[in-house]
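What follows is a single structure, written as C-alpha cells, with notes after it.
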Amino acid sequence: MVTLRRLIAKEWISAFLASLFIFILLVSVANIVSELLRSVTTLSDILLNNLLEMPKWLNKILPIACLTATLFSLNRLQRKGELMAIFACGFPRRSFFLLILRLSFIVAIFQFLNSSYIQPYADNLKFSWLRDGGIHFRGNKSQSLKTSTSATGKIWYRNDKYYASFLAFDKHRNELRDLTLFFYDSSYKIEKIINADRAQSDSNDSNSHQWLLTTGNEISDLKNKSFPQKKIFEKINLNLSEKPSDFLDIDLDITKMDIKNLYYYILKIKKLGINACEYEVMFYEKFASSIICIIFAFIAVGAIFNPNRRNNSFGKNVFFIMIFTAIFWPSYSSFMDLASGSKLPALWATFAIPIVCSIYILIYFYKHRRLA
C-alpha cells in the first residue's frame with residue numbers, strides 16, 4: 003500500500019510541478035513581452051517587476067495547477083492501465099481521495115501564506131526596488147501622496163506646507179477620521195498643530211480642496227518663546243492641499259498589509275463607523291483562495307470511480323473542466339464585486355461559490371460511496 007501511495011503521490015506532484023512551471027512561464031512571457039512593447043522602462047526593471055508580481059499571479063495559478071495535476075496524473079495512470087491495477091490490488095478509493103486531499107492541503111497552506119504575507123511583502127518592495135516606485139507599470143497606480151503606515155495604525159504623508167496623519171479615509175463620505183496637521187515653516191520648524199476628530203470635504207466635488215473640520219483644537223505660536231496658544235473649536239473651514247480624490251490612492255497601502263495588520267485595520271475603521279466591506283472581502287479572500295485549491299483538485303477526480311480507460315474519455319473531462327473554470331471565475335469575481343460595493347455581505351459573497359462547489363463534490367462522492 004505504501005508503494006502505491008508513493009506512485010500516486012509521485013504522479014500528482016510531477017503533474018502539479020509541470021503545470022505550475024508552464025503556467026508561470028506563459029504568464030511571465032506574456033507580461034514581459036507586453037511591457038517591452040510599451041517601452042516605458044528598462045529590461046531589468048521589467049524582469050524585476052515580473053518577479054514581484056508573481057505572488058499575485060500565483061493566487062490564480064495554484065488552483066488551476068491543482069486541477070490540472072489531478073486531471074493529468076489520473077489520465078496518465080489510466081492510460082498506462084495502472085489505475086485499474088491499483089484498485090485491483092485492493093487499494094481503497096477512500097485512501098486515494100485522502101491522499102489527494104493531503105497533497106492539495108499542502109498547496110492550500112502555501113496559497114494562504116502567499117496571499118497573506120508574501121504578496122503584501124512583494125508589493126511593498128516595488129516602491130524601493132523599482133525605478134520611480136514602478137508607477138509606469140500597468141497595475142501599479144501612481145500615488146499622489148507619499149504615505150506610510152505607522153505602528154499606531156495611522157497613515158502619514160507630507161507636502162510642502164505640513165505633515166499630516168489620519169486613521170482612515172471614508173471614500174463614501176469623503177471624510178478623514180482622527181486627523182492631525184503639523185504646519186511648518188521654510189526651516190522645518192513647527193508653527194502650529196491642528197487636531198480634529200474628522201474632516202469632511204466641504205463640497206460634493208471630489209476635486210475640491212475645501213474641508214470642514216469638526217470637534218478639535220488648534221495649537222499655535224509654537225515658534226515663539228512664549229507659551230503656545232490653544233483654541234478649541236466645534237467646526238472650522240480649512241483649505242488643504244489635498245482633495246478627496248487624492249486619498250483614494252491610499253488604498254494601495256491597505257493592499258500591502260499582511261493578514262494580521264489588515265484584520266486590526268478593519269476592526270479600527272468599523273469602530274469609526276466606516277464601511278469596511280471592501281477590506282473584509284480582501285481579508286476573507288485569503289482564506290477562500292486556499293479552499294479553492296482543494297476544490298479544484300477534486301473537480302477532476304471522477305476517474306477514480308471509472309478506472310477503465312475505454313469507459314472514460316479524457317477529452318470529455320477536459321471539456322468539463324474548461325466549462326467549469328469558465329463559469330467559476332466570472333461567477334466568483336461577480337460575487338466579490340457585489341460584496342465590495344456593499345450589495346452583499348462580504349463573508350457570504352466570498353464563500354458562496356466555494357461552498358456550492360464543495361456540496362457538488364460531496365454529492366458526487368456520496369453517489370459513488372459503494373465504490374469508495
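Position in the sequence shown (first residue = 1) + 2 = this note's numbering.
Every residue, glycine too, gets a C-beta built ideally from N, C-alpha and C.
Distance, Cα to Cα, K237 vs F249?
Your numbering for residue 237 matches position 235 in the sequence shown. Your numbering for residue 249 matches position 247 in the sequence shown. Between K237 and F249, the C-alpha separation is close to 22 Å.
Leaving out five residues on either side along the sequence, give the residues of the same chain with a beta carbon under 6 Å from the beta carbon of F185.
Numbered from 1 along the sequence shown, position 183 holds the residue referred to as residue 185. Here F185 has Y164, E193 and K194 as same chain residues with Cβ atoms under 6 Å from its own Cβ, once five neighbours each way along the sequence are excluded.
Please list, in chain order, all residues of the same chain as L346 whose beta carbon is under 8 Å from its beta carbon, the five residues on each side excluded.
Walking along the sequence shown from the start, residue 346 turns up at place 344. Within the same chain, L346 has close Cβ partners F337 and L340.
Does any residue of chain B bring its CB to less than 8 Å from the CB of Y164?
Considering every chain present, this structure includes no chain B. It has just one protein chain.
Quick test of your reading: M21 and A71, contact by CB under 8 Å. State the CB separation rounded to the nearest angstrom.
Taking the first residue of the sequence shown as 1, we reach residue 21 at position 19. Taking the first residue of the sequence shown as 1, we reach residue 71 at position 69. Here residue 21 turns out to be Ser, not Met, going by the sequence shown. The Cβ separation is near 6 Å, so the contact holds.
Quick check on F98: buried or exposed, where buried means 16 or more other Cβ atoms within 10 Å of its Cβ?
Position 96 of the sequence shown, counting from 1, holds the residue named residue 98. Flag for F98 reads buried.
Alpha carbon to alpha carbon, what distance is there between D172 and S247?
Start at 1 with the first residue of the sequence shown, and residue 247 comes out as number 245. Start at 1 with the first residue of the sequence shown, and residue 172 comes out as number 170. The alpha-carbon separation between S247 and D172 amounts to approximately 11 Å.
Which residue wins for smallest C-alpha separation from F168, given the options S189, N197, R133 and F89?
Taking the sequence shown and counting its residues from 1, one reaches residue 168 at position 166. Among S189, N197, R133 and F89, the Cα nearest to that of F168 belongs to N197.
Contact check, A166 vs L54 under 8 Å by CB: the rounded distance?
Mapped onto the sequence shown, residue 166 falls at position 164. Mapped onto the sequence shown, residue 54 falls at position 52. At roughly 29 Å, the Cβ-Cβ gap does not stay under 8 Å, so A166 and L54 are not in contact.
Residues in its own chain within less than 7 Å of A354 by CB, not counting five upstream and five downstream?
Indexing the sequence shown from 1 puts residue 354 at position 352. Apart from sequence neighbours up to five positions away, the residues of its chain that approach A354 with a beta-carbon distance below 7 Å are F337, ordered along the chain.
Just to confirm the assignment, what range does the alpha helix (DSSP H) spanning T5 have?
Here residue 5 corresponds to residue number 3 of the sequence shown, with the count starting at 1. It spans V4 to R40 - the alpha helix (DSSP H) in which T5 sits, taken as one unbroken run.
What residues in its chain sit with their C-beta under 7 Å from that of K148, if we drop five residues either side in the sequence?
Along the sequence shown, one-based indexing puts residue 148 at 146. Its pLDDT being 43, under 50, K148 is placed unreliably in this model, and the value from its coordinates should be taken loosely. Closer than 7 Å at Cβ, skipping near neighbours: Y159 and R160.
For P94, is the classification buried or exposed, using 16 other Cβ atoms within 10 angstroms of its Cβ as the cut-off for buried?
Here residue 94 refers to the residue found at position 92 when the sequence shown is read from its first residue. Label assigned to P94: exposed.
Using the beta-carbon count (16 or more within 10 Å), is Q113 buried or exposed?
Position 111 of the sequence shown, counted from the first residue, corresponds to residue 113. Classification of Q113: buried, given that the 10 Å Cβ count is 16 or more.
Give me the Cβ distance between N116 and N61, rounded to the nearest whole Å; I'm assuming they're in contact under 8 Å.
By 1-based counting over the sequence shown, the position of residue 116 is 114. By 1-based counting over the sequence shown, the position of residue 61 is 59. Right, their Cβ atoms sit about 7 Å apart.
In this structure, how does DSSP classify F184 when only helix, strand and coil are distinguished?
Here residue 184 refers to the residue found at position 182 when the sequence shown is read from its first residue. Assigned with DSSP and collapsed to three states, F184 falls in strand.
Separation of S292 from S335, as counted between CA atoms
On the sequence shown, position 333 is the one that residue 335 refers to. On the sequence shown, position 290 is the one that residue 292 refers to. For S335 and S292, the distance between alpha carbons rounds to 16 Å.
Straight-line Cα distance separating A351 from A11:
As a working mapping, residue 11 is identified with position 9 in the sequence shown. As a working mapping, residue 351 is identified with position 349 in the sequence shown. Linking A11 to A351 through their CA atoms gives a straight-line distance of about 34 Å.
Could you tell me the distance, in whole angstroms, from the CA atom of S152 to the CA atom of V29?
Here residue 152 refers to the residue found at position 150 of the sequence shown. Here residue 29 refers to the residue found at position 27 of the sequence shown. Interpretation of S152 is limited by its pLDDT of 49, a score under 50 that renders its predicted location unreliable; no figure is taken from the coordinates.
Between the Cα of G317 and the Cα atoms of L39, L73 and F25, which residue gives the shortest distance?
Locating residue 317 in the sequence shown gives position 315, where the first residue counts as 1. When each option's Cα is compared against that of G317, the closest is L73.
Could you pull the start and end residues of the alpha helix (DSSP H) that I271 belongs to?
Counting from one through the sequence shown, the residue named residue 271 turns up at place 269. Segment I261 to K273, the alpha helix (DSSP H) holding I271.
Spatial neighbours of I48 in its chain, beta-carbon cut-off 7 Å, leaving aside the 5 residues before and after
Position 46 of the sequence shown holds residue 48. Close CB contacts of I48 within its chain, under the 7 Å cut and outside five residues either way in sequence, are with I34, E37 and L38 (chain order).
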